[in-house]
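Structure, as structure tokens:
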Amino acid sequence: MGRRYHGKDDVLTLLIRLGYLAYDQATEKVRIPNEEIRREFARTIRDVKRDETIRRVRDSDQLIYDTVHRNADAVAAQIEKIHAEETAILFYSDEQALRSVIKLAYFSYKDYYLKFKELPAGDGYADIVYLPKKDSPLPALVVELKWNKTAKGAIDQIKEKRYPDAIRDYGGELLLVGISYNKDAAEGKRKHTCMIEKLMESH
5 MGRRYHGKDD VLTLLIRLGY LAYDQATEKV RIPNEEIRRE FARTIRDVKR DETIRRVRDS
65 DQLIYDTVHR NADAVAAQIE KIHAEETAIL FYSDEQALRS VIKLAYFSYK DYYLKFKELP
125 AGDGYADIVY LPKKDSPLPA LVVELKWNKT AKGAIDQIKE KRYPDAIRDY GGELLLVGIS
185 YNKDAAEGKR KHTCMIEKLM ESH
């Protein structure tokens, strides 16, 4: 069997031995030793970033589709995936980190929406509001991500604090998106749930 590599130091040592990297003892740093390898490394990094961007756009487009079609289970699953992948354990329930999860999940919003953060509304601030662009047929979205509440509890908070007042003059369809999870559950078991509700014109 081949040797197992247990960390970045093992991998760096291998790359130095193979000649892909050079080690400078004076500075204790590694460098790419020649232009050909440097160009190939740069190309590889560009390709990785391009593939990652394409994946994010595709996932975000699907999330927006699922949101406006009120597929709550699919929305919850995607938010849960991004929350687990992108948030360090220490900041998993940090309020700013939660906003970042939403913003990352709706990565491709600019094709369809204008985004507003912390809009003064009712009895507080609407965390994130997505208002359709003039030529967009999609509904407006008020998104709330909470922990240790039900998804319905997140929706109720949106209503009780009158967050939709932030866009009271918007005349089109408006969806309230409440997402919740149990922050006290073990890592990997913080199941997210979602509720999506159309707000009646009487708001």
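Residue numbers (this note's numbering): 5 to 207. Backbone N, C-alpha and C fix where the C-beta goes; we use that ideal spot for every residue, glycine too. This structure is a prediction, so every number in the text was calculated from the model and none was measured.
To the nearest whole angstrom, what separates the beta carbons of ARG103 and ILE132, a pair I think is in contact under 8 Å?
-> 6 Å
Closer than 8 Å by C-beta to LEU142: which residues in its own chain qualify, once you throw out the five before and the five after it? Chain order, please.
-> ILE68, VAL72, TYR116, TYR117, PRO136
In three-state DSSP terms, what is THR71?
-> Of the three classes helix, strand and coil, the one that applies to THR71 here is helix, per DSSP.
Within this structure, are the beta carbons of VAL147 and PHE111 separated by less than 8 Å?
-> no
Where GLU89 falls: helix, strand or coil (DSSP) = helix
To the nearest angstrom, report how far apart VAL79 and ASP70 are at their CA atoms.
-> 6 Å
Which partner residues does THR197 have in the DSSP bridge list?
-> SER184
Name the DSSP beta bridge partners of VAL146, please?
-> According to DSSP, VAL146 bridges with VAL133, LEU180.
N-terminal and C-terminal residue of the alpha helix (DSSP H) that ALA101 is part of = 99 to 109
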